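For reference, the structure discussed in these notes is given below.
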Amino acid sequence: MQLRVYNTLTRQKEDFVPIKPGQAGIYTCGPTVYKYATIGNMRAYIFMDELRRVLEYDGFKVKQVMNITDVGHLVSDADDGEDKMEKSAHETGKTPLEIAAFYTEQFFKDMDALNIKRPTVCPKATENIPEMIAIVQALLDKGYAYETEDGIYFSVEKFPDYGKLSGVNLEEQRHGARVEVNDFKRHPIDFALWKKAQPNHLQQWDSPWGRGFPGWHIECTAMSKKYLGEVFDIHTGGVDHIPIHHENEIAQAECWLGHKAVNYWMHNEFMLIDGGKMSKSLGNTYTVDDIVARGYKPVEFRYFCLNVQYRQKINFTWEALASSKTAYDKLCALLWAHKCSDAPADPAALAAFKERFEFAVNDDLNVPLALGVLWSLVKLPKSADVYKLALCFDKVFALDLDKVTAPKEENIDVPDEVKALADARFAARKAKNWAESDRLREQLAALGFAVKDTADGYELSKK
Ligand code: AMP
Ligand code: ZN
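Using this note's numbering, you'd call the opening residue of the sequence shown number 106 and step up by one each time.
Structure below.
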């Protein structure tokens, strides 16, 4: 089925046409590893993962690159303020390297817990400095950049297409409406390609302009080109990156290369918390660990995220997560019942469900619609064939549907008669009366219940 994706650049859904048939190259702006990733951040990476999984479901060989930003992301988008890594280092007394190593590991732990596939390559900015210096030099040579007292800046007025991704108007920006004015710049939204470092700056490298460190935007251009080539298929990130970070990436890449660098720009909308922004002061910058600490499984959070299409805002509340958990448990219980059935299903009916599923995920990743298809599917008469099809869908959902187990007794309706039989069987077993225990097991089976012995008793499930 033809995949269609919404391209932020053209503001419309388009057929996805890869550069090389059967292959897809994706670049995703990765985390700045100076703190724990929030569940909002993780929404961006669940989206990245869904995109990859849909492409793989469609038979594409995907090369996915996600950088690790471990230098150059300043506290202010106006190229002022401290580097986030340096700030964290000063606050904790650790080195930027130690901080980056710690939070990168935490980030991968969160990704694994949420069933987000590890990208093909995760290059670190600090390991690609020569590549960045080469691009900055080329931009200077071509007249797109200029040197100031504190760094090398890209001149946005030299790129007539500046603003094409977000509709930014250079004249409005000149008056510092959204970005504070930095005295060294010719235009307020010129941006730093390279910053000259003070002697006490912790992370700095030699360059043709003295000791310094790269600007954040140039990192993504250098690493995407290095691993995906001069033109690649898809670039992703959150919507907050559209007006500055991605606009700047487009400007510097197109001026450097002399042509378009990315075919499709895809952006996920934000996750809100209790209807508002996540913020430290409100104490609601939740992490995956917070979710686990409240007794939820990370996969239940993934299920929660999949219920809203990536271009829509999603509102996280603990109540909404609780409802998602209830729904997810029910889904797993229904799937368990299918798994345990020997009855065949109508192949034509299954084929129709598969088609509906494929239509949904290929329509700009309409995963909520695809989940709806799964819910209709599990309402079919019990059959292991239904379960098999659900597992096929789970290549995209990644909801651990292959791990469903018998629902716990409290989640199923157990008639008194069944409970009495199960207690009697347990007593017989304890008395080592195996014949009686087997007879009662068969009686339970005839009533549609399976019984499993556990360390501290037994568990009933519906067959
Ligand atoms: P950062 O480490 O701040 O660059 O963010 C990493 C990714 O998470 C970027 O793609 C951001 O756009 C995205 N992001 C940040 N906050 C949220 C949020 N509340 N909801 C969804 N995505 C977010
Ligand atoms: Zn980036």
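Where is the CB? At the ideal position from N, CA and C, for every residue including glycine. Note that this is a predicted model, so its numbers are computed, not measured.
Just the C-alpha distance for residue i and residue j, rounded to the nearest angstrom, thanks.
i: E405; j: D295; result: 43 Å
i: A206; j: P403; result: 23 Å
i: H195; j: S428; result: 42 Å
i: P348; j: V170; result: 22 Å
i: V122; j: V344; result: 23 Å
i: W574; j: I257; result: No answer is possible for residue 574: it lies beyond the span of the chain, which begins at 106 and ends at 568.
i: R148; j: A356; result: 27 Å
i: W441; j: G320; result: 52 Å
i: L476; j: L426; result: 16 Å
i: R399; j: L387; result: 18 Å
i: D120; j: N112; result: 10 Å
i: L333; j: I517; result: 51 Å
i: P520; j: L549; result: 11 Å
i: K435; j: N412; result: 15 Å
i: K418; j: A529; result: 53 Å
i: G562; j: F531; result: 8 Å
i: H346; j: F375; result: 11 Å
i: C497; j: V159; result: 12 Å
i: W423; j: H350; result: 32 Å
i: K430; j: A183; result: 42 Å
i: A457; j: G127; result: 25 Å
i: A489; j: E547; result: 22 Å
i: T197; j: K189; result: 12 Å
i: T174; j: K214; result: 17 Å
i: L179; j: S193; result: 12 Å
Using beta-carbon positions only, say whether residue i and residue j come within less than 8 Å of one another.
i: K301; j: D266; result: no
i: L641; j: L156; result: This structure leaves residue 641 out entirely; the chain is present only between 106 and 568.
i: K409; j: L377; result: It is worth fixing the name first, because residue 409 is Phe in this sequence and not Lys. Cβ distance not < 8 Å, so F409 and L377 don't count as in contact.
i: G135; j: M383; result: no
i: E191; j: P201; result: yes
i: P228; j: M328; result: yes
i: L485; j: V491; result: yes
i: P512; j: A438; result: yes
i: V176; j: Q308; result: yes
i: L298; j: F264; result: no
i: T326; j: E352; result: no
i: T209; j: V273; result: no
i: L565; j: V523; result: yes
i: V167; j: I131; result: yes
i: E236; j: K331; result: yes
i: H306; j: V261; result: no
i: I151; j: L219; result: yes
i: N467; j: R109; result: yes
i: I396; j: W310; result: no
i: F165; j: A142; result: no
i: A239; j: N172; result: no
i: V483; j: A495; result: yes
i: L545; j: A536; result: no
What did DSSP end up calling residue i once you bin it into helix, strand or coil?
i: F458; result: helix
i: D188; result: strand
i: M171; result: strand
i: F289; result: coil
i: K435; result: helix
i: L298; result: strand
i: T113; result: coil
i: V226; result: strand
i: L504; result: coil
i: I378; result: strand
i: I517; result: coil
i: Q128; result: strand
i: Y391; result: coil
i: L565; result: strand
i: E119; result: strand
i: L362; result: helix
i: Y408; result: helix
i: G164; result: coil
i: W314; result: coil
i: Y251; result: strand
i: G334; result: coil
i: L494; result: helix
i: V350; result: The identity of residue 350 in the sequence shown is His, whereas the question assumes Val. If DSSP states are grouped into helix, strand and coil, H350 belongs with the helices.
i: P136; result: coil
i: K385; result: coil
i: N471; result: coil
i: A550; result: helix
Is residue i near the ligand FMN, in the sense that its beta carbon is under 7 Å from a heavy atom of that ligand?
i: H350; result: Looking for the ligand FMN in the displayed structure turns up nothing; the ligands present are the ligand AMP and the ligand ZN.
Quick one, what's near the ligand AMP if you take every residue whose CB is closer than 6 Å to any heavy atom, in chain order? Any residue whose Cβ sits closer than 6 Å to a heavy atom of the ligand AMP makes the list: C134, P136, T137, G145, N146, R148, A149, G342, G343, D345, H346, N373, F375, M376, M383.
With three or more C-beta pairs closer than 8 Å as the rule, is the stretch 492-504 touching the stretch 553-567? Output reads no: the stretch 492-504 does not touch the stretch 553-567.
Assess, as a yes-or-no matter, whether the stretch 233-246 is touched by the stretch 355-375 under the definition of 3 or more beta carbon pairs within less than 8 Å. In short, these stretches touch, since the Cβ pair count reaches three.
Within the chosen definition, does the stretch 322-340 reach the stretch 368-376 through at least 3 CB pairs nearer than 8 Å? Result yes; three or more Cβ-Cβ pairs closer than 8 Å.
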